[in-house]
C-alpha cells in the first residue's frame, strides 16, 4: 500500500477545463521552454572535400583514413609536432548549427558566434563485440567546434553572412557505433544538450559515376500508403548498443525493408535483392507464398531476414572491425534444407560473438538452429545434439514457439508447446545447457489464468484459484542485469529466479501481447495485438495503460493546439523501441496534404501525470462555489543525489580533450587548411592511444598520449611566435589543449553503469525533501522524543549472493527531509580471475522509494522525468583499463641499494637496462589505471616464469610447455633451472614459486641443461642473455578479479662460462701467450746473427756482381783499343773507378766484421 499525501494547492477552475489546466501544473517547464525558445542543435555529416558548402548530409560509409593532411602538417616548422611522423585524417566532418522556433538559423548562428558560443562535441566510441580481437575500452574524445564561413553563396557583408561550426568526425578501429553529444560552452544562448547517433553504414558502396548505392538491394523513393496503413506493427530486433544499421520488415507483399543508420532519424526503403525462392515439400508444408519479410534482425555487421521458410544473411563491409573485406557480395541463403518458422533475437552478445536462433518445423520439429556470428562470419548448429526436445521431455508431439539465450551462462530457455493424446495443449519452459547438451523442465505454465480477486499481483504457488481463460504464451523476455524473466501472451508472468513466478493482474486477460520492448534499464513497454501500448516499471507490479488512455487524450489535445507536425488524426504505428532510455514510436501519419513516416517520443511520464490527475481529483464546496483539488500520492517533493564519487574509477570512461588550433586571423574563422591540421592532430592523438602497449613503466608511469613531450620546454617560444603572428601556416598549436582527462566530476545522477573489482564498493547519498505528514515523534526513555519519518527506501539486488547493500538513514532536525546513505559492495567470491574487461558478470542494483513508482515526477528542461526508482547496471569482474607493468625505475633503485652497486651494459639502452648475473635480482611491478591515471605498487602475489630467450634479440625463441617447466620449476631434477629463490611459498602443485613485492629476490643459476648455460661470448666482453619473462597472478592472488599477465624482456649480462669452456679458453689463451713469449725470445737472440748473415750475403752478392762487371768491361776495353784511339782513355777511367769501388767495399766489410 502506498501512503496518501495531502492535496495539492487548490485551483479555482471550471470542472470542464481540468484537462487543459493539467499542463499549468508545471509552470517551471513552460517558463524554461519560453526562455530558451525551444532551441535545438542540428548536426549533419559532411565529407572532407565539401566543407563550407551548404548542402545536405553525407552518408557515413568511407572508413579509410586520408593522407591529404600530412603535407600540410609537414609545413608547420617551429611547432610542437614531430615532423618525421606521418599524419592522417578522417574522411568526414560534423557540421553543427542550431535553430530556434520563429528565427532564421543563419542569423541565430551569427548571433551565437558573436556572443562567444562554441559547441562542445563529445564523441563516445562503442567497443566491438569481438573482445578477443579488440580491446574492451570505454573511450571518449571531447572536441571544440571551429567556426567556418560558408563558401556556397556570395556574401556582401564585410565579415560573414552564413557560417557554421565544424569538428572532425573521428573513426576508431573496432568501433562502428558512435554517440555524439553536443553541448554549449556556457556562453551565448541556452541550448539543451542533445545526443546524435552517427554510425558507419557498411551496406553502401560507391559506383563508377560517384553515386552511392545499397549493396543489399535497390532503394525505393515512394512510400506508398498501403505499405503502412492498417498494417500491424512489428518489433525492432537488434543486438543492444552494438548495431550501426537497423532493419525493419513487415511490409505486406513486398520484399522491402526500412533501413536506417541513425535510429530512424532518417531512413531508406530498400527492395532486397533476394531470389524469393519458395519450395514446398512434404516436410515443409506451406499453404501460400508471400514476398513479405516477416523477421528481420540486425547485428553489429550482419543482417538476417526470413521470407516464408527461407533464411538469408548479408554481412556489411566494415574494415574497422574485420581489418579486411569480409563483406558479402549478395544475400547468402542458409539452412536451405530446413523449414524455418521463426527467427528469435539474442539481445546481448557474449564471449566475443553474437547469436541468433532459428526455430524449425516439419521434419526437424523439436530442434532449433543456433547461429553464431563471430568477426562477420556466420555458422549454424542444430541443437539439441543428441535428441530432440520432444524426446528429452518424453512426449510424442511438441513444438518450440520461442527461445531465449543467456550468453553469460551458456543456457537456453525454450518455450515448448506440448500436445498430449487427448489433443490438449499445455506449455512448459525448458532449460537447455549448450555446453553439456542437457535439457530439463524447470517450470510448467498453468493451464488457466489465475483469479487475482482484485489484487495487483499474485504469487503462483499452485494453491490459487483459476479463471476459465486459458493461458496462451507467445514469448519470453529476459533481462540479464536483474535476472528478470517475463513470459507473455494473454497474461504476464515475471520471475527473478526463473523458479517462482508472479502473475501481474493489472494486464487484462482479454488482451493478447504481440511483443515486449525492454529498455534493460528498468522500463518495459508492451504492445498488444490491438496496438494498445502498456507500460511496466521493473521493481513494481502495476501495469499502466498508455494508449489509448485519458492521459493520451489530454496530451494529443495539447499537441493539436500547438499544431505539432508529429501528430495527425489518422496514424498507424510501425514499431516501438527504446533509445537512450527513452521510448520512441515510428509512426505513419496520414495528413490532408501529404503522408509521412516520422519518429517521435512517447512521453511516458507526461501520460502518467495526466492519467494520475484524471483519477486523483475531487470537488469541495467553499462558500458558494466548488473547488477542484488534486491528490498527490508521491511521498516526497524533491529528490537529490549527493556525495557521488568521481565517476571514472567506476565507469571506466577514458576521455581525451582536443581543441582546434588557434588561427592567426583577426576574424577568428578557420580555413580548410586549419581544419585539416585539426584532423591530423586528433588522428595522431587516437593513434598514440591505440599504440600504448609498453611493458615497462618509468618514473612517471601515468600514460599520456602526447607527441610533444620532448618539445614542451619550447612552449613559450611557440607562444612568442604566435603572439607576433609568425607561426608557420598561420596556426598555433597549444600543447595543453591535447591531453587525457583524469579528473572528471560527478554529475547529479547515477552513472549509466559501473564496474566493481573484488571487494570494492560504490556509495552515494539520497536526500529527500518529504511532506510534513511523513514525520512523527516517537517517545524514548526520559523526556526526549526521537523524530521518525515514514518514508522508506528499499534496495533490490539482482544477485544478493554476490553483492550486498548497506542503507543508513539520518533525519536532520527542522529540515523536513531525510538523508539515506547507500553503499553497494561486492562479496568477493562470485567470480574467477579474468583478463581486464573480459568475462564480466552482469548484475544490477535497484534503489526505490517505497510508494513512488508511477507517482513521482521531476520537471527538467527535457520535460518531466520519473523519480524514486533508480536502476543501475553493475559489471563485476576485472574492470577495463587496468594493466600490470614492470616498474623499472624502482627496480633499478632497489637493486642498486641492496647489491651496493650497479653495472650496466657496455652499450646502454634506455628502454631496456641491464642487470648483472651475479647480483640478486629484485623485480617490482605496478598496477596502472589508464582511466584514472593512478599508479601504485602491485601488492599481490604472482608467478614468474621464463618463457623464452636468446643470446641476442634476433635469436629469441619461445620455449615449449615442457621446457618452461624444466627451466622454472623448483621440482626440476634435470639441472635445467634458470633461476631460483629463497622463498618457500609455491603453487598448490608445488610446480612454481609464488613471488610478491616482499620476496627475497631471484638468484640466476643457468644450470648446465638450461638455454643460458655456456653462452658463447660474441666478443671479448662477458656473455649476455635476453630472457622473455611472463608474470601472472592467476590462481595465486586473492586480492583482485584481474588476471594480470605481463610479458617483457630482461637483459642479463656477465653470465659465467661453463667449466669445460673456461678450461678450454684457459688452455688456448695460455698456449697462445706462451707461443708469443717463446717467439719473442727467439727473435731477440737470433736477430744479431741474422743481421750479420744478411750483411755477409749482401757483400758476397755485391762482390759477385762487381767482379762480373769488371771482367765484362775489361774484355770490351781490349777490343776497343784496336779500332779507335779514343777508347783506351775511356776504359782506363772505368777501370780506375772499379778499383776504387772495390777498395771501398772491402773497407766497409772489414768495418762491419770488426
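In our numbering, the protein residues as written are 166 to 1319. Just so it is clear, CB atoms sit at the ideal spot from N, CA and C, and this is done for glycine as well.
Contact check, residue 553 vs residue 570, beta carbons under 8 Å: With a cutoff of 8 Å on beta-carbon distance, residue 553 and residue 570 are scored as not near each other.
Start-to-end residues for the beta strand (DSSP E) that takes in residue 888: Not the beta strand (DSSP E): residue 888 falls in the alpha helix (DSSP H), residues 880-888.
Sequence-distant residues of the same chain with beta carbon closer than 6 Å to residue 497, five excluded per side: So the qualifying residues of the chain are 478.
Coil, strand or helix - residue 1082 by DSSP: Under the three-state reduction of DSSP, residue 1082 is assigned to coil, being neither helix nor strand.
Residue 706, DSSP secondary structure in three states: In this structure, residue 706 counts as coil in the three-state DSSP scheme.
Cβ pair count under 8 Å reaching 3, the region 915-924 against the region 250-260: No: fewer than three Cβ pairs fall under 8 Å.
Other residues of its chain near residue 648: CB distance less than 6 Å, five sequence neighbours each side excluded: Result list for residue 648: 661 and 963, in chain order.
Among 572, 1011, 577 and 573, the one whose alpha carbon lies nearest that of residue 549: Comparing Cα positions, the closest option is 577.
Backbone CA spacing between residue 696 and residue 395 [nearest angstrom]: Roughly 11 Å separates the two Cα atoms.
From 723, 750 and 744, residue whose alpha carbon lies closest to that of residue 736: Checking every option, the nearest Cα to that of residue 736 belongs to 750.
Residue of 239, 326 and 287 minimising C-alpha distance to residue 217: The shortest C-alpha separation from residue 217 is found at 326.
DSSP-derived helix/strand/coil call for residue 644: In the structure shown, residue 644 sits in a strand (DSSP, three-state: E or B).
Unbroken beta strand (DSSP E) run spanning residue 523, endpoints: If you look at residue 523, you'll find it in the beta strand (DSSP E) that goes 519-526.
Counted within 10 angstroms of its Cβ, other Cβ atoms place residue 1138 as buried (16 or more) or exposed: By the beta-carbon neighbour count (other beta carbons within 10 angstroms, threshold 16), residue 1138 is exposed.
Assumed close pair residue 521, residue 500 - CB separation to whole angstroms, cut-off 8 Å: The C-beta distance from residue 521 to residue 500 rounds to 11 Å, too long to fall under 8 Å, and the pair is not in contact.
Exposure label - residue 790; buried when at least 16 CB within 10 Å: Residue burial is scored here from C-beta neighbours: residue 790 has fewer than 16 other C-beta atoms within 10 angstroms and is therefore classed as exposed.
Alpha helix (DSSP H) segments (min. 4 residues) lying fully within the region 1218-1269: Counting whole runs of 4 or more residues, the region 1218-1269 contains no alpha helix (DSSP H) stretch at all.
Residue 929 vs residue 808 beta-carbon contact at 8 Å: The Cβ atoms of residue 929 and residue 808 sit closer than 8 Å to each other.
Of the residues 1015, 825, 966 and 969, the one placed nearest residue 956, counting alpha carbons only: Taking only the C-alpha atoms, the option nearest residue 956 is 1015.
DSSP beta-bridge partners of residue 1012: According to DSSP, residue 1012 bridges with 960 and 1035.
Cα-Cα separation, residue 771 to residue 1029: Between residue 771 and residue 1029, the alpha-carbon positions lie close to 7 Å from each other.
Classification of residue 773 by the beta-carbon crowding that lies within 10 angstroms, buried from 16 upward: When all chains shown are included, residue 773 counts as buried.
Run of the beta strand (DSSP E) containing residue 550, from where it starts to where it stops: DSSP places residue 550 in no beta strand (DSSP E); its state is neither H nor E.
Length of the line joining the Cα atoms of residue 1056 and residue 831: Computed Cα separation, rounded: 54 Å.
The alpha helix (DSSP H) enclosing residue 744, as first and last residue numbers: Premise fails: residue 744 lies in the beta strand (DSSP E), 735-744, not in any alpha helix (DSSP H).
Residue 779 vs residue 785 beta-carbon contact at 8 Å: In this structure, residue 779 lies away from residue 785, with their beta-carbon atoms at least 8 Å apart.
Inter-residue Cα distance where the pair is residue 911 and residue 1044: Cα to Cα, the separation comes out at about 19 Å.
For residue 1182, the three-state DSSP class (helix, strand or coil): Coil, per DSSP.
Coil, strand or helix - residue 556 by DSSP: Helix at residue 556.
6 Å CB neighbourhood of residue 804 in its chain, flanking five on each side removed: The answer, listed in chain order, is 933 and 1032.
Residue 1208 vs residue 999 beta-carbon contact at 8 Å: In this structure, residue 999 lies closer than 8 Å to residue 1208 by Cβ.
Simplified DSSP assignment, three categories, for residue 792: Residue 792 falls in the strand class under three-state DSSP.
Beta-carbon gap between residue 203 and residue 266 smaller than 8 Å: Yes, they are a contact pair.
DSSP-derived helix/strand/coil call for residue 674: Secondary structure of residue 674 (DSSP, three-state): coil.
Check whether residue 348 and residue 328 have beta carbons under 8 Å apart: No, they are not a contact pair.
DSSP state of residue 1095 mapped onto helix, strand, coil: Looking at residue 1095 - three-state DSSP - the assignment turns out to be coil, as it is neither helix nor strand.
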